[in-house]
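One structure below.
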Amino acid sequence: DQSVCAHLSVLGRDVTVPLVTGGEVTYAALDYAASAPALQRVWDDVAAYAPYYGSVHRGAGYLSQLSTDLFENSRVAVAEFLDCREDDQVVFTRSTTDSLNLLAAALPEGCQVFVFETEHHASLLPWRDARVTYLDAPRTPGEAVRTLERALADRDPYGPALVCVTGASNVTGELWPVRELAAAAHAHGARIVLDAAQLAPHHPVSVRELDVDWVAFSGHKLYAPFGSGVLAGRADWLTGAEPYLAGGGASRKVARRTDGGVDVEWHTTAARHEAGSPNVIGVYAIASACKALTEAGFGDLVAREQYLIGKVREGLAEVPEVKVLSLFGDEAPRVGVISFVVRGWNSSHFAAALSAEYGIGVRDGLFCAHPLVRTLLGSDPQDVGECGAPDGGTTSLNAIRVSFGAGTPDEHVDRFVRAVKELVRDGARWNYRTEDGRCVP
Ligand code: PMP
Numbered sequence: 009d010q011s012v013c014a015h016l017s018v019l020g021r022d023v024t025v026p027l028v029t030g031g032e033v034t035y036a037a038l039d040y041a042a043s044a045p046a047l048q049r050v051w052d053d054v055a056a057y058a059p060y061y062g063s064v065h066r067g068a069g070y071l072s073q074l075s076t077d078l079f080e081n082s083r084v085a086v087a088e089f090l091d092c093r094e095d096d097q098v099v100f101t102r103s104t105t106d107s108l109n110l111l112a113a114a115l116p117e118g119c120q121v122f123v124f125e126t127e128h129h130a131s132l133l134p135w136r137d138a139r140v141t142y143l144d145a146p147r148t149p150g151e152a153v154r155t156l157e158r159a160l161a162d163r164d165p166y167g168p169a170l171v172c173v174t175g176a177s178n179v180t181g182e183l184w185p186v187r188e189l190a191a192a193a194h195a196h197g198a199r200i201v202l203d204a205a206q207l208a209p210h211h212p213v214s215v216r217e218l219d220v221d222w223v224a225f226s227g228h229k230l231y232a233p234f235g236s237g238v239l240a241g242r243a244d245w246l247t248g249a250e251p252y253l254a255g256g257g258a259s260r261k262v263a264r265r266t267d268g269g270v271d272v273e274w275h276t277t278a279a280r281h282e283a284g285s286p287n288v289i290g291v292y293a294i295a296s297a298c299k300a301l302t303e304a305g306f307g308d309l310v311a312r313e314q315y316l317i318g319k320v321r322e323g324l325a326e327v328p329e330v331k332v333l334s335l336f337g338d339e340a341p342r343v344g345v346i347s348f349v350v351r352g353w354n355s356s357h358f359a360a361a362l363s364a365e366y367g368i369g370v371r372d373g374l375f376c377a378h379p380l381v382r383t384l385l386g387s388d389p390q391d392v393g394e395c396g397a398p399d400g401g402t403t404s405l406n407a408i409r410v411s412f413g414a415g416t417p418d419e420h421v422d423r424f425v426r427a428v429k430e431l432v433r434d435g436a437r438w439n440y441r442t443e444d445g446r447c448v449p
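Structural data, given as structure tokens:
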């Protein structure tokens, strides 16, 4: 029932876009995993706040005071959304990437980091200055836990360690066994950070229940597209570290020394890592989205999304040329993020055709998860067709991703499935080839 999520309606449902064939069509935004549209509620809240906008933490005027209150209350709303522990800190950042880089900059001396090769680059790469152990892609959630346990058992048991894991894959949409991985990390004296960029928009995330030490997510994937993100969790590593950015707002006291230098006393609250004038609108929008999702409850959202996932997967299963990418198999629980390749097609051409002929916005490429996509494609090259096969660079190695969530109508996914079928059947004009029949990369 499409109406179950009416209270979570999104903007942009009636935007029309031109088609190459002439005419216009309503845009089918099926790229939520990159950036989701704003919830109407978020837009309304931001618009209502706009006239009262003022600098935070600085001004003496009424609007500055009001803005400061809204900004700090947003922290509380995010903490509630994530079911944080009493003494957790909520730091506002620019994005998940920013949040994880902040944590990477706050690692204690000698920290070992454990990360699966399947991670998004935002959770794979920030640790490069630490001692990183990259773990092979597991083929079941259970194997993920065993692989982590083995790696942690081999580690230096006295030093600090951090595990970084994504809750829901931005490529396969599959859920990772976060609670079990957290238990394994803690049993070996390690900490764990959850990359919830793809999980939080689709599922409730409870820091307490999952027992993760930190969680990171981005507003623009959580229906609040105004350039802010969150890192929430344990205060100790954060207050023990140098500020992520040095500047005003992070410093409590700055004074010239008699020797001519400067002494700085940094804040020990979240402000320590929030130097500079913050993105007040972005923060307010995140809090608004968190409240809207909490009030609506995830029950209807999840049920509706599972129904849409079923429609897309069943539709794609009827096309023998299509191979859906999966690490954990058909039965794995997942969110509305599905990647696939089409035999004999360059994925970029296929995605371009979906846009130009059907007004459908998807993404193609390696989705900032190169090792994972290579593992998924490379494991079965003959199945993915010549355009997906790693053959020394003469063909492309990429995939197509369709993703959706709150506000996605049946018509968008129905149109998508119909478009895939039609293009595979008679879309050859989009499938450029060299004279000897190879795909143009
Ligand atoms: N982690 C995951 C799982 C993601 O899907 C993304 C965005 N694609 C990120 C991290 C990075 O998010 P952002 O670009 O907002 O920093």
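Each residue of the sequence shown is one higher than the one before, counting from 9 in full-length UniProt numbering.
Note that CB positions come from ideal geometry on N, CA and C, so glycine has one too.
Around the beta-carbon of G181, 16 or more other beta-carbon atoms lie within 10 Å, marking it buried. The C-alpha of V25 lies about 14 Å from the C-alpha of H420. Straight-line measurement puts the Cα of D22 at about 42 Å from the Cα of A190. In this structure, the CA atom of F375 is about 36 Å from the CA atom of V64. Its chain contains L78, I289 and Y292 as the residues whose beta carbon lies nearer than 8 Å to that of Y57, once the 5 sequence neighbours on both sides are disregarded; these appear in chain order. Shown here for F124: same chain residues with a beta carbon closer than 6 Å to its own, the five before and five after excluded, namely L143 in chain order. Under the three-state reduction of DSSP, L183 is assigned to strand.
A check of alpha carbon separations from R351 across T174, L324, A112 and H281 identifies L324 as the nearest.
Boundaries of the alpha helix (DSSP H) around P379: H378 to G386. The three-state secondary structure of R371, taken from DSSP, is strand.
Residue burial is scored here from C-beta neighbours: G255 has fewer than 16 other C-beta atoms within 10 angstroms and is therefore classed as exposed. Judged by DSSP in its simplified three-state form, P149 adopts helix. Relative to the ligand PMP, the nearest heavy atom lies less than 7 Å away from the CB of A130.
Nearest Cα to N287 within the set H275, A112, A377 and G235: G235. Set against 7 Å, the gap from the CB of C376 to the closest heavy atom of the ligand PMP is smaller. G248 and T277 have their C-alpha atoms roughly 11 Å apart. With respect to the C-alpha of A176, the residue from E430, G20 and S411 having the closest C-alpha is S411. Scanning the segment 24 to 112 from its first residue to its last, the whole alpha helix (DSSP H) runs of 4-plus residues come out as 48 to 57 and 70 to 89. Assignment of W135 by DSSP, reduced to helix, strand and coil, places it in the coil class. Look at the beta carbons and you see the segment 351 to 360 not touching the segment 377 to 384: under three pairs across the two are nearer than 8 Å. In this structure, the beta-carbon distance from L108 to A138 does not fall below 8 Å. The same chain holds no residue with a CB closer than 8 Å to that of G269 once the five nearest residues on each side in sequence are set aside.
For V18, the CB contacts under 7 Å within the same chain, skipping 5 residues up- and downstream, are P45, A46, L47, Q48, Y231, A414 and G415 in chain order. The beta-carbon separation of L207 and V201, rounded to 13 Å, does not stay under the 8 Å limit for a contact.
Taking non-hydrogen atoms of the ligand PMP into account, the C-beta of G373 is found less than 7 Å away from none of them.
When secondary structure is reduced to three states using DSSP, G237 falls in the strand class. Here L110 is near Y252, since their CB atoms are less than 8 Å apart. In this structure, the straight-line span from the alpha carbon of D308 to that of E117 is close to 45 Å. Under DSSP, D203 shares a beta bridge with T174 and A224. At a threshold of 7 Å, T105 counts as near the ligand PMP, since its beta carbon sits closer than that to one of the ligand's heavy atoms. The ligand PMP approaches T174 closely enough that one of its heavy atoms is under 7 Å from the residue's Cβ. The DSSP-derived three-state label of F358 is helix. Within the segment 298 to 333, the runs of alpha helix (DSSP H) at least 4 residues long that lie entirely inside it are, in chain order, 306 to 325. Just measuring C-alpha positions, the residue of Q97, S347, L246 and L38 sitting nearest N178 is S347. By the neighbour-count definition (other C-beta atoms within 10 Å, threshold 16), P165 is an exposed residue.
By the neighbour-count criterion, in which 16 or more other beta carbons inside 10 Å mark a residue as buried, E339 falls on the exposed side.
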